[in-house]
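What follows is a short report on a single structure.
2 protein chains.
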Amino acid sequence: MAKKVVQDAERRRRRRTKQGLVLSHALIVETALRLLREHGPQGLTARRLGLALGADPSTVYRYFDGMDDLILALADELMGRAVAGWETTGDWRRDLRDLGLRIHATYLAHPQAAVLTAARVSGRSQEIAADEAILGLLRGAGFPDPAAVRIYHAFIDQALAFAALDAASLTLPEPALRADRTIWRATYARLPERTHPNITAVADLLAARMNSSAYPAALDLMLASAAAELAAAPRDGGNEVVQSV
Amino acid sequence: MAKKVVQDAERRRRRRTKQGLVLSHALIVETALRLLREHGPQGLTARRLGLALGADPSTVYRYFDGMDDLILALADELMGRAVAGWETTGDWRRDLRDLGLRIHATYLAHPQAAVLTAARVSGRSQEIAADEAILGLLRGAGFPDPAAVRIYHAFIDQALAFAALDAASLTLPEPALRADRTIWRATYARLPERTHPNITAVADLLAARMNSSAYPAALDLMLASAAAELAAAPRDGGNEVVQSV
DNA sequence: CACCTTATGCCAACAGGGTTGACGTTATTC
DNA sequence: GAATAACGTCAACCCTGTTGGCATAAGGTG
Numbered sequence: 001m002a003k004k005v006v007q008d009a010e011r012r013r014r015r016r017t018k019q020g021l022v023l024s025h026a027l028i029v030e031t032a033l034r035l036l037r038e039h040g041p042q043g044l045t046a047r048r049l050g051l052a053l054g055a056d057p058s059t060v061y062r063y064f065d066g067m068d069d070l071i072l073a074l075a076d077e078l079m080g081r082a083v084a085g086w087e088t089t090g091d092w093r094r095d096l097r098d099l100g101l102r103i104h105a106t107y108l109a110h111p112q113a114a115v116l117t118a119a120r121v122s123g124r125s126q127e128i129a130a131d132e133a134i135l136g137l138l139r140g141a142g143f144p145d146p147a148a149v150r151i152y153h154a155f156i157d158q159a160l161a162f163a164a165l166d167a168a169s170l171t172l173p174e175p176a177l178r179a180d181r182t183i184w185r186a187t188y189a190r191l192p193e194r195t196h197p198n199i200t201a202v203a204d205l206l207a208a209r210m211n212s213s214a215y216p217a218a219l220d221l222m223l224a225s226a227a228a229e230l231a232a233a234p235r236d237g238g239n240e241v242v243q244s245v
Numbered sequence: 001m002a003k004k005v006v007q008d009a010e011r012r013r014r015r016r017t018k019q020g021l022v023l024s025h026a027l028i029v030e031t032a033l034r035l036l037r038e039h040g041p042q043g044l045t046a047r048r049l050g051l052a053l054g055a056d057p058s059t060v061y062r063y064f065d066g067m068d069d070l071i072l073a074l075a076d077e078l079m080g081r082a083v084a085g086w087e088t089t090g091d092w093r094r095d096l097r098d099l100g101l102r103i104h105a106t107y108l109a110h111p112q113a114a115v116l117t118a119a120r121v122s123g124r125s126q127e128i129a130a131d132e133a134i135l136g137l138l139r140g141a142g143f144p145d146p147a148a149v150r151i152y153h154a155f156i157d158q159a160l161a162f163a164a165l166d167a168a169s170l171t172l173p174e175p176a177l178r179a180d181r182t183i184w185r186a187t188y189a190r191l192p193e194r195t196h197p198n199i200t201a202v203a204d205l206l207a208a209r210m211n212s213s214a215y216p217a218a219l220d221l222m223l224a225s226a227a228a229e230l231a232a233a234p235r236d237g238g239n240e241v242v243q244s245v
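Just so you know, the sequences run in chain order C and E. Be aware that the first sequence starts at 1, since it is given in UniProt numbering, and climbs by one per residue. Be aware that the second sequence starts at 1, since it is given in UniProt numbering, and climbs by one per residue.
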């Protein structure tokens, strides 16, 4: 198995090898992310990855336990990048807002990586570190455990969900995910006005709107709701619907 | 092409054919959804679909232009089911809340169909009908076009995003998407307390929370925010962040 | 130094994926 | 009855992830 290989190879610096190749987890992840960004999900295959690395496709399996494992590593890497440079001020609301925007921005910088948002939850290092930070922040702010967990989940879910959908709007991946502006305009503007008056009337608006993000506003709403909950009752309030505004 | 085939075959009732097979768009979609629900994304392949239909895999291509086209049809079918039975009362906020919950529930009834949420936007009949209804509702309520489009998008995005993530929490699909309770508990509870005090302290809560949905609360927040915007200013307010509560 | 174990890379091969084209049969239409 | 479209099968193609065997390099130990 590649488990022990991981630990040993990680702490060692190799000079050169048979064909002069020097692969590593970091290099493979970096290359995979590049392929994903430049050529979309279709571009990230075992064979293409091997080609981009100048190595045989099967070599990747010396470092990762299959393609699924690699994908989890990619998601973990992105989470690590999102958290990198994040500094907590002690103001949980401000800190979470900052982190949320960082996660969102990181995924938007790798639009094709929207696939990865479904691959969360793995017990990998970067993710767990981020989770620890978030939970610690919430508990430190005075949220009881159930509330902290609830907010923690809502926070992560929201960030990843919006990132995935925003990214899907920005990119032009495989036909099944096609959602770019051109498609929208072409699809909606071509509808007969008689049968679809509402859509045709706002076809251009629909197309133009595909580029903007609704996440910051939604994030602020969620944080405001959490703050109101904290201010109202120090004790936990269960899972009931929060009616505000 | 299958385009003309579609129209002609749809309006006709065929008694029997060569081997006694009577395929149709509806039957194929129904079977594909069943495969997806029972065996997950891995279970929905051209070959398995052919097997389940008792037909040759290539036969599907007489009805759909490739697997992508079929997947879009599945998403369209689900949207149609979600909207079926939906009755508008004229109260846009109440109606949208109802529709949102319907969409959410429909996708939760087909957990494995979370993949389909990424396949939105296609110009297919059921979807366009739903879009028309939503946009008509918002414009009728007095929202100017830009605001209506913005809310329309936020509404759909939110419903699909939460459905996808909630469904991912409920199911146990391929390794890359693994996110079930067992995994959560096993993953997080096994962490050393010394290095991960926060996570280990709430490990059970984390696992238990995977089954509940945060969508209704988020939906209410969004609708409340939209209502506040409508009450405050009849004219459109652009894309600025809404600070409420 | 020799020696053995581990790490690392390549190669060939397998099962299974989507998709296509030719072909035959059936159903419909004129 | 003849022509045409629809429908289903079959064999084949190229792609995918993945594996086992083999060769070489590296690292540690005598």
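Don't be surprised by glycine CBs; every beta carbon is placed ideally from N, CA and C. As the structure is a computational prediction, the values presented were derived from the model and not from experiment.
### Task
Closer than 6 Å by C-beta to Y215/C: which residues in its own chain qualify, once you throw out the five before and the five after it? Chain order, please.
Result list for Y215/C: H104, F162, in chain order.
### Task
Compare the C-alpha of I199/E against each of A133/C, P197/C, A159/C and name the closest.
A133/C
### Task
Less than 8 Å between the CB atoms is what I'm expecting for L49/C and P57/C, so what's the real figure, rounded?
Contact flag correct, Cβ pair sits at about 7 Å.
#### Entry: Cβ shell of Q126/E (< 8 Å), same chain only, five flanking positions each side left out
D76, E77, M79, G80, V83
### Query
Roughly how many angstroms separate the alpha carbons of L44/E and L35/E, rounded to a whole number?
6 Å
### Task
Put R139/C into one of helix, strand or coil per three-state DSSP.
helix
### Query
Using the C-alpha atoms, what's the distance from S24/C back to G100/E?
46 Å
### Simplified DSSP assignment, three categories, for R94/E
It is helical.
### Query
For the stretch 129–147 of chain E against the stretch 84–98 of chain E, are there 3 or more C-beta pairs whose distance is under 8 Å?
yes
### Task
Under 9 Å between beta-carbons, which chain C residues line up against G136/E? List them in chain order, please.
Under the 9 Å cutoff, chain C gives P197, N198.
### Task
Work out the CA separation of D98/E and Y152/E for me, nearest whole Å.
14 Å
### For A231/C and L53/E, the rounded distance between their alpha carbons
Their backbone Cα atoms lie some 58 Å apart in a straight line.
#### Entry: Residue from A148/E, H196/E, T195/E, P197/E whose Cα sits closest to the Cα of E229/E
A148/E
### Task
Classify P173/C as helix, strand or coil using the three-state DSSP reduction.
Residue placement at P173/C is poorly supported in this model, since its pLDDT is 35, which falls under 50; the coordinates are not used for a value here.
### Task
For the alpha helix (DSSP H) holding R37/C, just list the boundary residues, first then last.
25–39
### Query
Quick one: does D76/C have its CB under 9 Å from some CB of chain E?
no
### Task
Give the straight-line distance between the Cα atoms of G136/C and H196/E, rounded to the nearest whole angstrom.
10 Å
### Task
For R47/C, count neighbouring C-beta atoms within 10 Å of its own C-beta (all shown protein chains included) and say buried if the count is 16 or more, exposed if not.
exposed
### Task
Rank F64/C, I71/C, A154/C by C-alpha distance to the C-alpha of S225/C and give the top, closest one.
The shortest C-alpha to C-alpha distance from S225/C to any of F64/C, I71/C, A154/C is the one to A154/C.
### R48/E: first and last residue of the uninterrupted alpha helix (DSSP H) it sits in
46–53
### Task
With a cut-off of 8 Å on the beta carbons, I'd call L74/C and V60/C a contact; round off their distance for me.
That belief does not hold up - the Cβ atoms of L74/C and V60/C are roughly 12 Å apart, past 8 Å.
### Message
Counting C-beta neighbours from all protein chains within 10 Å, is the total for A26/E 16 or more, i.e. buried, or is it exposed?
### Response
exposed
### Query
What are the boundary residues of the alpha helix (DSSP H) that V22/E is part of?
V22/E -> no alpha helix (DSSP H), and no H or E assigned at all.
### Message
Considering just the uninterrupted stretch of the alpha helix (DSSP H) at A232/E, what are its terminal residues?
### Response
215–232
### Query
What do you get for R194/C, buried or exposed, if any count of 16 or more other CB atoms within 10 angstroms of its CB means buried?
exposed
### Query
Mind checking whether residue 255/C and P111/E have CB atoms under 9 Å apart?
Outside the displayed span of chain C (1 to 245) sits residue 255/C, for which this structure offers no information.
### Proximity test, Cβ basis, 9 Å: P146/C and chain E
Interface annotation, P146/C: in contact with chain E, CB-CB separation under 9 Å.
### Query
Quick one: does F64/E have its CB under 9 Å from some CB of chain C?
no
#### Entry: Pair within 9 Å by beta-carbon distance, L223/E and L96/E
yes
### Query
Which chain C residues sit within Cβ distance under 9 Å of F143/E?
Ordered by position in chain C, no residue passes the 9 Å Cβ test against F143/E, which lies about 11 Å from the chain.
### Test item: CB-CB of L191/E and I128/C under 9 Å
yes
### Task
Counting only the same chain and skipping the five closest in sequence on each side, list residues whose C-beta sits under 7 Å from that of M67/C.
A46
### Query
E38/C to W86/E, Cα distance in whole Å?
42 Å
### V202/C, buried or exposed, once every other Cβ within 10 Å from all chains shown has been counted against 16
buried
### Query
Is the beta carbon of T117/E sitting closer than 9 Å to the one on L160/E?
yes
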